[in-house]
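Residue numbers (full-length UniProt numbering): 1 to 473.
Even for Gly, the Cβ is constructed at its ideal location relative to N, Cα and C.
Source: prediction; values computed, not measured.
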């Protein structure tokens, strides 16, 4: 039996435990820094499988680490388990129906992400023991990827200082090696302090903070014509100054997310956004303050790791979906637009296939598709250690991320199959890294070359701490 076949068999031997874990996490839709029940489920599984456990990683109560093995290289397997607000959805149906009105939901598949990563780590632990190979596998349970930048805080705290390489994955519509093209991202809160007054009898005495927020947003919208085409700026109103229109609002607050191709480009845009905010304050005679909430870097590629992961996918073949999986995926696709489906293929850089509700292929490594205008805190890990990410089909082609359709498919048999496949890909890639000193050296050399001109600098200011949330009673 080859090492690849051995690790796949070891992973398969634990599949039911981790399908159960994924489904339990799906039923615990906890958002950034509140994942206390989810991390406890991961802690129990680490304990069950005999890992040495470190809690409160990076000073974050919902971050955890489990390690096994001795000597040799250290391979990190990155998992996540946070959910998104407002995406409560009944599972395994093809129509929108909330479990809990206004509740949270796993609209990005992180219930699957963390479970597959821990499954890969468990398989690697078994392989190290059975083969007597020197090496250590380390599972990182990472909270708050959705806007919370937890891995950035963990990197800053030194949690990855002795790691040799890192592997991870993300649920997707197609199966491929992840493209290292995510955007650097900063989230900044802009607060405007004005003066309240009676909006009818004394409007001239008021200085509206809400006017300042609206003028800022208009100014930022006018910036869009004059910034790089792959940059993004989004905003959300955090405090509009109350619900009384007959009061001049004395305080208002808006959050802006600024994204760009790299950290330097992002910082340039941030400074321009600040100037717009200053102008809005000047026009309304209000006072403006700003505070960075979180920030992540852009993703670094690693050519040797990309090739190794792709070879593991080729050995495995496509995710083994069946007729029932395709039937449900077709029902989901019926709720999507033709543009949703076409966009999935466009992002992958492959021609659209008819009558293919689920991905039955592996996207060739040379297909680069279009840039992903999203962001992830995995990027900060990629700056300090060679890192590779798989994208594995777990849902109908065209399913938008952060949608009810995504949440609905999070416990489907197709999602479970993709999850097990992802664990095998990650475990196989890690085995190659542990066994092949030349591959590890090549991955490190590639990483060193990419960071030589621009060494890593954490984009989160030193005085910004993770927004720890209290443990529920």
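Contacts around residue i, its chain only, beta-carbon distance under 7 angstroms, and the 5 residues preceding and following it disregarded
i: residue 384; result: 155, 160 and 456
i: residue 41; result: 21, 24 and 25
i: residue 216; result: 190, 254, 276, 277 and 280
i: residue 176; result: 348, 362, 363 and 391
i: residue 134; result: 70, 71 and 72
i: residue 111; result: 22, 25, 26, 81 and 410
i: residue 99; result: 88, 89 and 90
i: residue 422; result: 116, 169, 390 and 392
i: residue 309; result: 177, 388, 390, 425 and 429
Same chain only: Cβ atoms within 8 angstroms of residue i, ignoring 5 sequence neighbours per side
i: residue 273; result: 188, 220, 223, 233, 256 and 258
i: residue 315; result: 4 and 428
i: residue 196; result: 206, 247, 248, 249 and 250
i: residue 265; result: 184, 228 and 231
Span of the beta strand (DSSP E), counted from its first residue to its last, around residue i
i: residue 304; result: Segment 303 to 316 is the alpha helix (DSSP H) holding residue 304; no beta strand (DSSP E) there.
i: residue 393; result: 387 to 393
i: residue 251; result: 251 to 260
i: residue 200; result: Counting along the chain, residue 200 falls outside any beta strand (DSSP E), and DSSP gives it neither H nor E.
i: residue 9; result: Per DSSP, residue 9 belongs to no beta strand (DSSP E); it is in the alpha helix (DSSP H), 3 to 13.
i: residue 235; result: 232 to 239
i: residue 170; result: 165 to 172
i: residue 53; result: 52 to 55
i: residue 482; result: With the chain running from 1 to 473 in the structure shown, residue 482 is simply not present.
i: residue 288; result: 287 to 296
i: residue 138; result: 135 to 142
Own chain, CB closer than 6 angstroms to residue i, minus 5 neighbours either side, in chain order
i: residue 164; result: 73 and 74
i: residue 267; result: none
i: residue 211; result: 284
i: residue 122; result: 14 and 49
Nearest residue (CA-CA) to residue i, options the options
i: residue 140; options: 147, 301, 131 and 120; result: 120
i: residue 363; options: 317, 168, 18 and 144; result: 317
i: residue 183; options: 370, 329, 218 and 250; result: 370
i: residue 454; options: 426, 263 and 338; result: 263
i: residue 116; options: 128, 168 and 145; result: 168
i: residue 440; options: 469, 375, 43 and 307; result: 307
i: residue 368; options: 420, 88 and 181; result: 181
i: residue 77; options: 98, 471, 147 and 124; result: 124
i: residue 194; options: 422, 426, 240 and 236; result: 240
i: residue 270; options: 126, 147, 290 and 301; result: 290
i: residue 179; options: 299, 129, 87 and 265; result: 299
i: residue 63; options: 17, 1, 350 and 151; result: 151
i: residue 463; options: 153, 447, 451 and 14; result: 153
i: residue 162; options: 398, 138 and 52; result: 138
i: residue 214; options: 286, 174 and 145; result: 286
i: residue 336; options: 43, 376 and 398; result: 398
i: residue 488; options: 11, 149, 44 and 473; result: The question about residue 488 has no answer, for the chain in this structure spans 1 to 473.
i: residue 382; options: 90, 448 and 435; result: 448
i: residue 66; options: 45, 85 and 86; result: 45
i: residue 129; options: 109, 49 and 60; result: 49
i: residue 442; options: 16, 470 and 302; result: 302
i: residue 471; options: 39, 10, 305 and 375; result: 39
i: residue 52; options: 136, 89 and 377; result: 136
i: residue 396; options: 445, 288, 252 and 324; result: 324
i: residue 326; options: 305, 354 and 350; result: 354
i: residue 145; options: 352, 437, 379 and 444; result: 379
Start-to-end residues for the alpha helix (DSSP H) that takes in residue i
i: residue 439; result: 437 to 451
i: residue 479; result: Missing from the structure shown is residue 479; the chain here goes from 1 to 473 and no further.
i: residue 69; result: Here residue 69 belongs to no alpha helix (DSSP H); instead the beta strand (DSSP E) covers 64 to 70.
i: residue 215; result: 209 to 223
i: residue 111; result: 110 to 131
i: residue 78; result: Where residue 78 is concerned, there is no enclosing alpha helix (DSSP H), although the beta strand (DSSP E) it sits in stretches over 74 to 80.
i: residue 381; result: 378 to 384
i: residue 265; result: 263 to 284
i: residue 481; result: Because the chain is modelled from 1 through 473, residue 481 falls outside the range shown and cannot be assessed.
i: residue 38; result: 36 to 48
i: residue 155; result: 150 to 156
8 angstroms contact criterion, which residue i and residue j should meet: CB distance rounded
i: residue 113; j: residue 79; result: 6 angstroms
i: residue 365; j: residue 414; result: The Cβ separation is near 24 angstroms, so there is no contact.
i: residue 170; j: residue 389; result: 6 angstroms
i: residue 424; j: residue 320; result: About 11 angstroms separates the two Cβ atoms, so there is no contact after all.
i: residue 147; j: residue 32; result: 6 angstroms
i: residue 431; j: residue 19; result: Contact doesn't hold; Cβ gap of about 22 angstroms is too wide.
i: residue 35; j: residue 143; result: 5 angstroms
i: residue 459; j: residue 186; result: 7 angstroms
i: residue 394; j: residue 13; result: At roughly 21 angstroms, the Cβ-Cβ gap does not stay under 8 angstroms, so residue 394 and residue 13 are not in contact.
i: residue 481; j: residue 199; result: Because residue 481 is not part of the residues shown, which for the chain are 1 to 473, the question remains open.
Check: Do the segment 90 to 109 and the segment 406 to 414 meet, that is, are 3 or more Cβ pairs less than 8 angstroms apart?
Finding: Short answer: they touch.
Check: With a cut-off of 8 angstroms, do at least 3 Cβ pairs link the segment 80 to 87 to the segment 27 to 47?
Finding: When C-beta atoms of the segment 80 to 87 are compared with those of the segment 27 to 47, three or more pairs fall below 8 angstroms, so the two segments count as touching.
Next item on the list: Answer yes if the segment 326 to 343 comes into contact with the segment 289 to 300, meaning at least three C-beta pairs across the two stretches below 8 angstroms, and no otherwise.
Entry: Contact fails: fewer than three Cβ-Cβ distances are below 8 angstroms.
Check: Touch check for the segment 83 to 97 and the segment 397 to 405: three-plus C-beta pairs under 8 angstroms?
Finding: Flag = yes, the segment 83 to 97 and the segment 397 to 405 touch.
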